[in-house]
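Have a look at the structure below, then the notes.
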Amino acid sequence: MIPILYDKTETAFLSNGLGRLTECTRCEVTEERNGVYELEFVYPVTGKLYSQLIQGGVVSVIHDDKKDRQAFDIYKYSAPIDGNVTFYARHISYRLSGIAVSPFTAGSCALALDAIVSHSMQTNPFSFWTDKNVVADYTVAVPSSARALLGGVAGSILDVYGKGEYEFDMFDVKLYTNRGQAS
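In terms of my numbering, the sequence shown is residues 123 to 305.
Here it is in structure tokens:
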């Protein structure tokens with residue numbers, strides 16, 4: 123997998139962006155069920171794109187069997203060690219943490235996910251989908267971040283509507299009753 127570097131304003135990810143990070147010596151994605159989704163890569167200070175690797179920059183990689191590129195926002199990097207720098211990036215779905223959602227009520231899981239977009243207090247480029255047909259009242263009483271509404275806190279969508287597994291695919295958020303298959 124050869125990562126591609128993009129400017130922080132990129133949204134389409136259809137080109138080679140600022141360039142391919144061909145000198146990258148290590149590139150690893152960690153994706154946990156309903157948890158961490160991060161990229162860590164090592165790049166030499168002598169690499170042709172080193173000066174453009176900045177906090178806030180975006181890197182896309184292919185990391186799974188689907189062969190779809192996923193974008194990650196660089197949030198920190200190490201000091202050079204033996205001429206190499208380790209960069210750390212979060213999947214772009216973490217941008218949901220910066221999107222405030224105003225209070226709302228919904229009567230089903232699908233309606234609650236739809237309301238995250240319709241009640242976003244700023245531009246929300248994400249779309250939501252679910253195969254869960256659970257019907258139950260859901261209430262957001264105070265402004266909250268879109269990501270917090272998804273799970274991990276009391277009163278989240280996973281908390282109210284029960285078991286489920288998220289898939290974050292670029293700007294698409296999919297909530298499955300069961301993602302994948304048991305082996």
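Heads up, the beta-carbon is just placed ideally off N, CA and C, and yes, glycines get one too.
Asked: Rounded C-alpha distance that separates D129 from L171; Found: 12 Å
Asked: Among N156, H213 and D291, nearest to F365 - alpha-carbon criterion; Found: The first residue shown for the chain is 123 and the last is 305, placing residue 365 beyond what the model contains.
Asked: Nearest neighbour of G277, chosen from K285, H185, Y260 and R269 [CA to CA]; Found: Y260
Asked: Same chain, Cβ closer than 6 Å to R142, five either side skipped, listed in chain order; Found: I124 and I126
Asked: C-beta contact flag for D138 and P166 at 7 Å; Found: Checking the sequence, you will find Asn at residue 138 rather than Asp. No.
Asked: Local conformation of A232 per DSSP, three classes; Found: helix
Asked: Simplified DSSP assignment, three categories, for A270; Found: helix
Asked: Spatially closest choice to F248 from V282, G274 and E289, by CA coordinates; Found: E289
Asked: Sequence-distant residues of the same chain with beta carbon closer than 8 Å to I196, five excluded per side; Found: L175, I176, Q177, G178, G179, V180, V181, F209, Y210 and A211
Asked: Environment of G169 [buried if 16+ CB atoms lie within 10 Å]; Found: buried
Asked: R269 burial status per 10 Å Cβ neighbour count (16 or more: buried); Found: buried
Asked: C-alpha distance - L271 paired with T299, whole-angstrom precision; Found: 17 Å
Asked: Beta strand (DSSP E) segment containing I184, residue limits; Found: V180 to I184
Asked: Buried or exposed by the 16-neighbour rule on C-beta atoms within 10 Å, applied to N246; Found: buried
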